Every structure is written in structure tokens, then in C-alpha cells.
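**Student:** Supplied in C-alpha cells, the structure appears directly below.
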Amino acid sequence: MDFIKTPKVDNVKLLERYNARKSTLGTLYLTTTHLIFVDAQGKKETWVLHMHMSTIDRLPLTTGGSPLQIRCKDFRCVTFVIPRDRDCQDITESLQQLSHPSNIESLYAFDFSLNDDIQKSFGWHLYDTDTEYLRMGVPSTHWALTNMNKSYEICDTYPRNLYVPASATTPILVGSSKFRSRGRLPVLSYLNRANQAAICRCSQPLAGFSARCVEDEQMLHAILKANPKSKYMYVVDTRPKINAMANKAAGKGFENENYYSDIKFYFCGIENIHVMRNSLQKLIDLCEMRNPSMSAFLTGLESCGWLKHIKSVLDTAVFIAKAVRDGTSVLVHCSDGWDRTAQTCSLSGLILDPYYRTVQGFQALIEKEWLSFGHKFTDRCGLLGTVDSKEVSPVFTQFIESVWQLMQQFPCAFQFNDRFLITIHDHVYSCQFGTFVGNCEKDRLDLRLSERTYSLWGYITKHMTEYLNPFYKKSYEHQEPVIMPNTSPQCVKFWAGMYNRYENGIHPRENIVDILSSASDHCASLEDHVQLLEKRITQVCKLLGKPDQVIEKKLNGFLSTESLDQVSDDNNDLPLKINKELIINGDTEKQQSDGESTEKDIINSNKKSDSESGFEEMSKSVPEDLNINMTLPVPLLEMR
């Protein structure tokens, strides 16, 4: 509370995003975790999490007051007009400190408490490194577990457990580590059990213009020999070649082809973190344009280069996946091996392995490729005020979008939906969970996050139904275990559901997948109801001693839509009422209270059609203590 100078301001206006002339009057509250706007009638509340705030800017003064614009990392933009300039200044200063704490233990995750009945330990152990590699068939004849990094001595940004070629000796591992940037030596990322082709990852070599390392050359040769069926392997450098050449001047760079035998080198051209940061900012500016013309929007989309960068990431992942599918091992690196390397290794695994396209598998993929291998989430997401702004970049956002691009081409191959991806993306920045706090595995262990914070995976597991894809077909993994996307420019789409989800205001628009999921659940409910009624009809038939077909024929005649309409016209006092709106909403209790159809109601009707008479005959023979609800739902196709 020390940072909060003004906890409450009255008569604040919340401007509409795309129409500044329209506004809502209300009260602004400032808490230690949220900025809350409540309208004058108290009917609507707008909550903005401090940790989601990216920029807090005071705009030029107006006659109505001091405008305060807040841009968020979940692509929401809100503008308040505060009557007094002094109040606006106080709130701005408070938000700047609250949204970018200087100490990592001041993050929201360490104070956050879930309302759900979830223990803090739940979800932290859903992923296990050894179990995941065992699923891939490791350890094996060609691959072994090394404990050289158990105390993070070899590389403090790598996990404890590393899988390396079985033929690689300790001197080879140590020598290779010393020759690689930040000690990130080549290690196993993914193994294709079918053909033994592997994806390995590392950082750039400290080669300069002429340096070499015999141990590093032996290490790459050991990776090649771990795949006996292949005569060569690829070294994929995800950077543009000109960038890699520039690093040579700094004593780094890329491998010298003259020193590495039976290896093919491939440069991919994915731009660095600075280019990606600027590209996303241009995309955000484009999405905030008010009423842009078609030509202006398309021109802006082209000039920001965002989709071009997404295509580059996908192209690289496809190249790696094709090589592994065809039986060739691949070693992937960028500069330090924790940005572009994480993107491409995880995406190629997603393309190759249907397990990673399930909820549990996708969580394992993120744990392995991003969290264990040291993607710097704290720095790249700008979680602390002490982080250099040049270190911030939307690397993980690009990965999430690349997965979404794959989902658009293979909608039945993924167990999870768009909401799952967006939830993960938003909670990386929210810091409500400790899952993405820290820059590496060692950081998270030192902070004891599994004891002090909640896991995002535990929360998702508790709310699993919200994240399931209604189109998912488990049989798809057997029909097409490898999904090879088309990365032609016309196949790379703009993700409006991510970047324009607040286009209609301050609340996200409804997702079409959510609507379909709701419809699917309702259909399943109706099917269950039909099965229940069929069982009850069978019970009645047994009591009457009549064949099922005879009774069903009479019931079908009575309960047809035309018969119901005729009965309603002929009998004003008939208590049988079917409220179509209630049925489609599944509100069965209210439907029955408004007018429940029972056997006695039907028998007491003044006028009866032939079909009614048959039903009366059946009803008279049914004991009164047999509780049978004969109300049938109206067919969905009949509803409007």
C-alpha cells in the first residue's frame, strides 16, 4: 500500500476504444494488484491487472480532465479521463511502480491465492524429465543420461538431467561446453523412436574466424553416429547468415565447415529479438487504428512484417521436421540457444509427435523446451522494472501464434482450443502463477516456487473442460501422426482472436469455438435425455405387457410437433407446455415448474385425438407410484 497515493477517484470517464466521443462515468479504485473501474450504476466492473500493464502514458490535457492511457500485454488498451491533474499524476506514478516491481519476490505470484480448492503443490509435478525422455525411448543404446550438470556446474541455464550421445565421454562433454556460448553444449531435445533421428539443441560456437575445438567436433560426430542409418546430419542456424557473420567478429559465429565432416549447414533467416519487438509494436499500433480502410489495414499489416516473421519460424520448424521424418538428425542453434532455438525445436516436435498436440503433451513440451532449457521469461516478458528494455521481446508470443497457425490447418489434430493458448499466453505476463517466473530451472528452484506459488498447469487441469477442442479426433494421430503445414504466404493468417479480441470494447469478444463447445455439450445432454426416456418407455411396456413397437408408435404420433400444435389449439386448459427457449438452454427444472406434462394432466384433458386415446389407455395402466416424466425435448432442427 506504500505505492498507492490515491486509492479512489470519483467522476472518472472510461472512453470507448474506437469512439472517444462515447464514455462511461464511474469511480476508479486502485488496489495493490488491480486497477478497478466501476460505472455509476454499479452494474459493470472493469478490472485491469497491474502485471498486465505494459505502458502507462499521460495524454495531453483536455477540457474534461487529464487522460490516462494504459496499454496491456494482453493487447487491451484503456483510456480514462481523470478530473484533477494531481490525481492523474498520483495514479500514474503508483501504477508505474506496481506494474513493474523491482524485486522478483514482489511479483503477484507470491501473494496470489486461488478461490478454487487447489493446493499449491498441485500441478508442479505433472511433468517429469525422465518420464518424458523414457516415452521417447531414452536411455537407449545410443543415448544416455549424464549427471554432470546435477549442480548446474557445466551450464546454469540448462536442466540438471541432460541426455547426450552414449559414446560421448566426459572430456568431450566438458570441452564442447567450453567452446559453446554460455556453456550450452549440444544435448538431446527430441528422438524419433521410429527411425532414431534426433533433434539436438545448443548455442553458437565460440569459433570467431579461425578457432576450432576438437572435442566439439567429436561431440557432433557422436550425435551423427547415434543415428546409424544416416550418413550425414544437419546443423541448422536459425539466424540470418549476415547476423551470424557479424557474430564472428565478436569471437562467436558458426561452425567452420572444414572442421566438421559429414555435416550440412543450413541458415534460416529468423530475425533477432529487437526486430521482433519493433514488429509487434507496429502490429499493435495497427490494431488500435480507428476505422482503418481496407487498403490502410493491409498495407500496415504488410509493413509491420509480423506475419513474415511467423512464416520464417514455421518454415524453419517444417525444415527440421521433414529432416527428422526422413531419418536425418538435426542440431539447432541461434545465438545463445534460448529464443529462436526454443521456438523451432518445440514447433518441430509439435509437427512430428501427436502426443505434444494433447493438453498434457503440450504442457510437457513447454516445460522441456522453454522452462527446462532456460528461455528467459522474466527478461523477455519484462516482468521487473530492473529489466533492460532491450531484453524484452515477444518470442513466446510468436511460438503461441505459430501453434495457432498449425491449428487452423489441422483443426482436428489438437486436443486443446484457442482459449488454452490465450490463457497460457496471458498468464505468462500476469504472474499470478509461478510457472513462468524466473529465467531458468535453477532460478525457480532457488525461489522455491513449487512451495510458495501456484502452478498454472494445476489450474488448467481443474478447469479442463474450458480448454478442450470440440473438433479433436484422437484417431487423427494414427491417420496422420506427422502434420506438415503449408507455409505459403496465403496460408499464414492474421490472428484477430489474439490481437483484436478487445475490438468491441474492454471485454473480449466471444469465441466461436466456445459457442460450438456449448452446442456440443447441449446435444450430448439431449442424447442422454433421449436414452433415459427410452429406458422408461421400455419399463412401461413391460408393465403393460405390450410390444415396444406398438407403444412407441403411439407415443411418436402423440409427441410429434404437429400433434402438439393440434392439441394446444384444441385444449386451452391443457397443461402440457413446451418452452423451446428453455429447452435449448437446458433449463429443465424451470421448464417443469412452468408446466410439467404428467400422465394425469393428459388423462384429464377435455378433448383427445386418437393418439391421445392410445396414450390414455397406456397411462391408466401405469401405477401412480411409478415416477415417469414423459416430457420430450423439441428436436433442435425445429427450433428457431
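Just so you know, we're using full-length UniProt numbering here: the sequence shown kicks off at 1 and counts up by one. Virtual Cβ for every residue (Gly too), placed ideally from N, Cα, C. Given the structure is predicted, the values throughout are model-derived calculations rather than measurements.
1. Which class does T344 belong to by DSSP, given the choice of helix, strand or coil?
2. Check whether the region 115-135 touches the region 449-457, taking contact to mean three or more Cβ pairs, one atom from each stretch, closer than 8 Å.
3. Who are the near neighbours of G251 in its chain, counting only those whose CB is closer than 7 Å to its CB and skipping five residues on each side?
4. Which residue wins for smallest C-alpha separation from N278, given the options Y266, T299, C268 and G305?
5. Assign D10 to one of two classes, buried (16 or more other C-beta atoms within 10 Å of its C-beta) or exposed (fewer than that).
6. Given 8 Å as the limit, is there contact between the region 185-198 and the region 293-312, that is, 3 or more CB pairs closer than that?
7. Assign H463 to buried or exposed, taking buried as 16 or more other Cβ atoms, counted over all protein chains shown, within 10 Å of its Cβ.
8. How many angstroms separate the CA atom of L383 from the CA atom of V437?
9. Taking only runs of the beta strand (DSSP E) that begin and end inside the region 66-152, which ones reach a length of at least 3 residues, in chain order?
10. Would you grab the beta carbon distance between K13 and L30 for me? Rounded to a whole angstrom, and I think it's under 8 Å.
11. Suppose the cutoff is 7 Å on Cβ atoms and the five residues either side in sequence are ignored; what does the same chain contact list for T435 look like?
12. From the DSSP output, read off the bridge partner residues of W47.
13. Within the same chain, show all residues whose beta-carbon is closer than 6 Å to that of V81, passing over the 5 residues directly before and after it, in chain order.
14. Who are the Cβ neighbours of F420 in its own chain at under 6 Å, not counting the five residues just before and after it?
15. Over the uninterrupted beta strand (DSSP E) stretch that includes S189, give me the two end residues.
16. On the three-state DSSP scale, how would you describe H274?
17. Rounding to the nearest angstrom, what Cα-Cα distance links I91 and M53 in this structure?
18. For F436, which beta-bridge partners are listed by DSSP?
19. From the DSSP secondary-structure annotation, give me the bridge partner or partners of H333.
20. Can you give me the C-alpha to C-alpha distance between residue 679 and T146, rounded to a whole angstrom?
21. Which residues in the same chain as T344 place their Cβ atom closer than 7 Å to its Cβ, once the five residues preceding and following it in sequence are excluded?
22. For R536, which of helix, strand or coil comes out of DSSP?
23. Count the other C-beta atoms from every protein chain shown that fall within 10 angstroms of the C-beta of Q539, then say buried if there are 16 or more, exposed otherwise.
24. I need the DSSP call for A198, collapsed to helix, strand or coil.
25. Straight-line CA distance for E217 to Y259?
26. Name, in chain order, the residues that DSSP records as bridge partners for M53.
27. Assign D10 to one of three DSSP states: helix, strand, or coil.
28. According to DSSP, is L61 part of a helix, a strand, or is it coil?
29. Starting from T453, trace the alpha helix (DSSP H) in both directions and tell me its first and last residue.
30. Just checking my contact of C412 with F471 at CB under 8 Å: how many whole Å lie between their CB atoms?
31. Does DSSP classify V482 as helix, strand or coil?
32. Counting beta carbon pairs with one atom in the region 253-269 and one in the region 224-238, are three or more of them shorter than 8 Å?
33. Look up I172 in the DSSP assignment and say whether it is helix, strand or coil.
34. Taking DSSP as the reference, what is the three-state secondary structure of S488?
35. By DSSP, does L384 sit in helix, in strand, or in coil?
36. Going by DSSP in three states, T378 sits in which element: helix, strand or coil?
**Tutor:** The short version:
1. Here DSSP, grouped into helix, strand and coil, assigns T344 to helix.
2. Yes: at least three Cβ pairs fall under 8 Å.
3. Closer than 7 Å at Cβ, skipping near neighbours: L206 and G208.
4. Looking at the Cα atoms, G305 is the closest of the given residues.
5. Flag for D10 reads exposed.
6. No, they do not touch.
7. It counts as exposed.
8. Rounded to whole angstroms, the separation of the alpha carbons of V437 and L383 is 9 Å.
9. Within the region 66-152, complete beta strand (DSSP E) segments of at least 3 residues are found at 66-72, 77-82 and 143-146, given in chain order.
10. At roughly 16 Å, the Cβ-Cβ gap does not stay under 8 Å, so K13 and L30 are not in contact.
11. Cβ neighbours of T435 beyond the five flanking positions: S455, L456 and W457.
12. Bridge partners of W47: I36.
13. Once the five neighbours on either side are set aside, the close Cβ partners of V81 are K13, G64, G65 and P67.
14. Cβ within range, chain order: Y467.
15. For S189, the uninterrupted beta strand (DSSP E) segment begins and ends at V187 to L191.
16. H274 falls in the helix class under three-state DSSP.
17. So the two alpha carbons sit approximately 13 Å from each other.
18. Paired residues: none, contrary to the question.
19. In the DSSP assignment, H333 forms a beta bridge with D237.
20. No answer is possible for residue 679: it lies beyond the span of the chain, which begins at 1 and ends at 640.
21. Excluding residues within five positions, the ones whose Cβ falls inside 7 Å are T238, V313, T316, A317, I320 and V332.
22. Looking at R536 - three-state DSSP - the assignment turns out to be helix.
23. Residue burial annotation: Q539 is exposed, with fewer than 16 other C-beta atoms found within 10 angstroms of its C-beta.
24. DSSP places A198 in strand when its eight states are reduced to three.
25. Those two C-alpha atoms are separated by around 7 Å.
26. Per DSSP, the beta-bridge partners of M53 are C72.
27. Note: D10 maps to strand in three-state DSSP.
28. In this structure, L61 counts as coil in the three-state DSSP scheme.
29. Per DSSP, T453 belongs to no alpha helix (DSSP H) and is neither H nor E.
30. With a contact defined as Cβ atoms closer than 8 Å, C412 and F471 qualify at about 5 Å.
31. In this structure, V482 counts as coil in the three-state DSSP scheme.
32. Contact holds: three or more Cβ-Cβ distances are below 8 Å.
33. Per DSSP, reduced to three states, the secondary structure at I172 is helical.
34. Three-state result, S488: coil.
35. Looking at L384 - three-state DSSP - the assignment turns out to be coil, as it is neither helix nor strand.
36. Taken through DSSP and simplified to helix, strand or coil, T378 comes out as helix.
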